[in-house]
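Residue numbers (the UniProt record's numbering): 1 to 650.
C-beta: ideal position from N, C-alpha, C; glycine also.
A quick write-up on the structure given underneath.
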Ligand code: PRX
């Protein structure tokens, strides 16, 4: 049995149970098992009904799922436009004055954007993109802070059939350049800067450095937000507001094939090169619209939804832009950090906008716990009726704290498991029907097939195993951009006929699923996926580093922390801080190791393979098991001695 499965076995169970509150059940979309029964009886028929009921199709589909493992096509002969579904149809139905976004800037400025406003901006910006030569099938990169223009840019791409590739604003210029190059994007949309922790962080400078490393970008559009000084390159760079002032008002939404590429989103895998995950139009939109409606039990007339993710991640794509807007939701969008100007900022925003549904990450919840219950207690959070979690396993203590201190003891919690690759939520309670247990994501949502298997791929009905998905689903990735071989190898080769998610999980006696984290070389740091190889490559690219090994060690606050072991080139010296900054430059601040240990040698097997298991044990302060295959045992004892000293932190 692998180390990971042993770790899974070692976990104890949480026995508390929480039924949906009767008042919640009364108005819930789902309060019995009928949706589960329908999906179990007719998988394709179930999804076809969702697609027909929840979306407007310009050309109705007759085909549902074409499954040629590992490729699926959904609703392939139908046509629809994503931005029409997210905007026009609400305005046409007389809901143009409904607020789409209550946007809150970090310094305290705010904007109210209605569905009509958003539709106007999107039409104009779609015309701007066309005027810059963007056509159906092209790729557009987006590198923006959390401002409404991020949603405008994404929807404008969707309107004209260009695929967007959003890069999180915290990524470095090198990471941006890699993604632009891989996608061969024509246009980059960025901002002068954005607000973070009371200061403007420059984006345009980073974008300029990135564009120098690329050959395909013809135009850069710059939104004015930070008012910081930037250089504009004549002919290439354009102010967003100037282009918008000249743009035509009308851009009719063109019906797209259901399988038209909607976006690429890069995510870390087990190699150093991030993968461009491909999502298409009809299936993806069906999946996120359906899950938004039922998992969040969304009621468009009364709910105010707030998802704290950044649009640069899949959560922002699916549950700030596409799922909520397709459902006509009113949302809160916040630009900055949770502790500016003080530790109660999130709770003051909930109170200000009377948010009813709040969706955040366990790492944030653990930070809120650290800041203390007096912070939420300063505010009236009684508007909340449902709270959710995503990105990493939520520990029972954090779950209970969240329920008591944010949910006021009355809100169901939805712990939602999914991935960039799955497009939308896969495993989660349905809040009006599922009895929850703190720390368990419970069951697959109706229409999703998930199963645990052992090392040999045998079905596991109780205990620990590898999480696999057994049936195609509409929001599933359609591949890895430019690398279909890697697509097969990464997701479909480990267990025949099954999608392997990379996660371990456990099934308890009642059939509840407990997600237990990654079982591959992908780390989960504050809910962000970072591969060990990616950080190792960044370290080794520093001229003084000969060799590096990176492991994810358990961390009470961030889930996992990045610990690096580095061997320097003969005679060279470098400071730990310099290497951490080097990683930030290569990838972004989120990938900075928490601690770097310098060592004359890395522990290796006699055949020369780095023994990561040992390094993880060292980093987590565990007793080492069998070291008999180790070439030089003294290397490890020295590392252990040094790990006992407190690791450095930002
Ligand atoms: O390990 C799982 C973890 O996050 C991974 C997916 O990361 P990413 O593609 O960046 O998407 C994050 C947001 C959807 C998964 O393989 N993960 C995500 N949600 C949960 C989770 N682990 C446990 N419980 C969750 N609710």
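Exercise. Answer yes or no: the CB of residue 529 versus the heavy atoms of ligand 1, is any distance below 7 Å?
Key: yes
Quiz prompt | Cβ-Cβ separation, residue 579 to residue 505 (assumed contact under 8 Å), whole Å | solution = Actually they do not touch by this definition, with Cβ atoms about 35 Å apart.
Quiz prompt | Contained alpha helix (DSSP H) runs [length at least 4] in the region 564–629, N- to C-terminal order | solution = 576–586, 612–619
Practice problem: Check whether the Cβ atoms of residue 29 and residue 293 sit closer than 8 Å, and answer yes or no. | Solution: yes
Quiz item: Skipping 5 residues on each side, what residues in its chain have a beta carbon closer than 7 Å to that of residue 481?
Solution: The answer, listed in chain order, is 182, 183, 264, 276, 278.
Quiz item: From residue 635 to residue 601, what distance separates their C-alpha atoms?
Solution: If I take the Cα positions, the gap works out to 6 Å.
Self-check item: Coarse secondary structure for residue 173, derived from DSSP in three states
Solution: helix
Exercise. Go through its chain and collect everything with a Cβ distance to residue 79's Cβ below 8 Å, but skip five positions before and after it.
Key: 57, 58, 59, 255, 256, 257, 258
Quiz item: With respect to the beta strand (DSSP E) encompassing residue 65, which residues constitute its N-terminal and C-terminal limits?
Solution: 65–68
Self-check item: Nonlocal neighbours in the same chain, by C-beta distance under 7 Å from residue 554, ignoring five residues either side
Solution: 560, 620
Quiz item: Looking at the unbroken alpha helix (DSSP H) that takes in residue 107, where does it start and where does it end?
Solution: Taken as a continuous stretch (DSSP letters only), residue 107 belongs to no alpha helix (DSSP H), as it is neither H nor E.
Quiz item: Is it right to say residue 510 is buried, meaning 16 or more other beta carbons lie within 10 angstroms of its own, or is it exposed?
Solution: exposed
Quiz item: Is the distance from the Cβ of residue 415 to the Cβ of residue 377 below 8 Å?
Solution: One thing to note: residue 415 has its Cβ no nearer than 8 Å to the Cβ of residue 377.
Quiz prompt | Whole-number beta carbon distance between residue 291 and residue 54, since they are thought to touch under 8 Å | solution = Contact between residue 54 and residue 291 is absent: CB atoms are separated by about 10 Å, not below the 8 Å threshold.
Quiz item: In whole angstroms, what is the alpha-carbon distance linking residue 224 and residue 381?
Solution: 33 Å
Quiz item: Is residue 8 buried or exposed, if buried means 16 or more other CB atoms sit within 10 Å of its CB?
Solution: Note that residue 8 scores a pLDDT of 46, beneath 50, so its modelled location is shaky and nothing firm can be said.
Quiz prompt | 3-residue-minimum beta strand (DSSP E) runs that sit fully inside the region 22–82, ordered along the chain | solution = 65–68, 71–74
Self-check item: Bounding residues of the alpha helix (DSSP H) (the contiguous stretch that carries residue 427)
Solution: Residue 427 -> no alpha helix (DSSP H), and no H or E assigned at all.
Quiz item: From residue 27 to residue 549, what distance separates their C-alpha atoms?
Solution: 53 Å
Quiz item: Tell me which same chain residues have a C-beta within less than 7 Å of the C-beta of residue 260, skipping the five on either side of it?
Solution: 161, 280, 281
Practice problem: Using the Cα positions of residue 508 and residue 420, report the straight-line distance between them to the nearest angstrom. | Solution: 26 Å
Practice problem: Would you verify that the beta carbon of residue 305 is, or is not, closer than 8 Å to some beta carbon of chain B? | Solution: Although the question refers to chain B, the structure presented lacks it and comprises just one protein chain.
Practice problem: Hey, could you find the ends of the beta strand (DSSP E) residue 16 is sitting in? | Solution: First-last for residue 16: undefined, no H or E at that position.
Quiz item: If you draw a straight line from the C-alpha of residue 565 to the C-alpha of residue 632, how long is it?
Solution: Inter-residue distance for residue 565 and residue 632 is about 16 Å (C-alpha atoms, whole angstroms).
Quiz prompt | Straight-line gap, residue 83 to residue 576 (C-alpha atoms, nearest Å) | solution = 47 Å
Quiz item: In the DSSP assignment, what residue or residues form a beta bridge with residue 651?
Solution: Residue coverage of the chain in this structure runs from 1 to 650, which leaves residue 651 outside it and unanswerable.
Quiz item: What is the C-beta distance between residue 145 and residue 169, in whole angstroms, given that I count them as a contact (C-beta under 8 Å)?
Solution: A Cβ-Cβ separation of about 5 Å places residue 145 in contact with residue 169 under the 8 Å criterion.
Self-check item: Candidates 120, 623, 44, 67, of which the one nearest residue 96 by Cα
Solution: 120
Quiz item: Which partner residues of residue 280 appear in the DSSP bridge assignment?
Solution: Bridge partners of residue 280: 261.
Quiz item: Do you know offhand how far residue 390's Cα is from residue 204's?
Solution: 30 Å
Quiz item: Between the C-alpha atoms of residue 147 and residue 110, what's the straight-line distance to the nearest angstrom?
Solution: Whole-angstrom Cα-Cα distance: 10 Å.
Quiz item: From which residue to which residue does the beta strand (DSSP E) around residue 164 run?
Solution: Run containing residue 164: 163–166, per the beta strand (DSSP E) assignment.
Quiz item: Could you give the distance in angstroms between the alpha-carbon of residue 459 and the alpha-carbon of residue 496?
Solution: 12 Å
Quiz item: Are the Cβ atoms of residue 537 and residue 194 separated by less than 8 Å?
Solution: no
Quiz item: For residue 371, which three-state DSSP category applies?
Solution: helix
Quiz item: For residue 459, which three-state DSSP category applies?
Solution: strand
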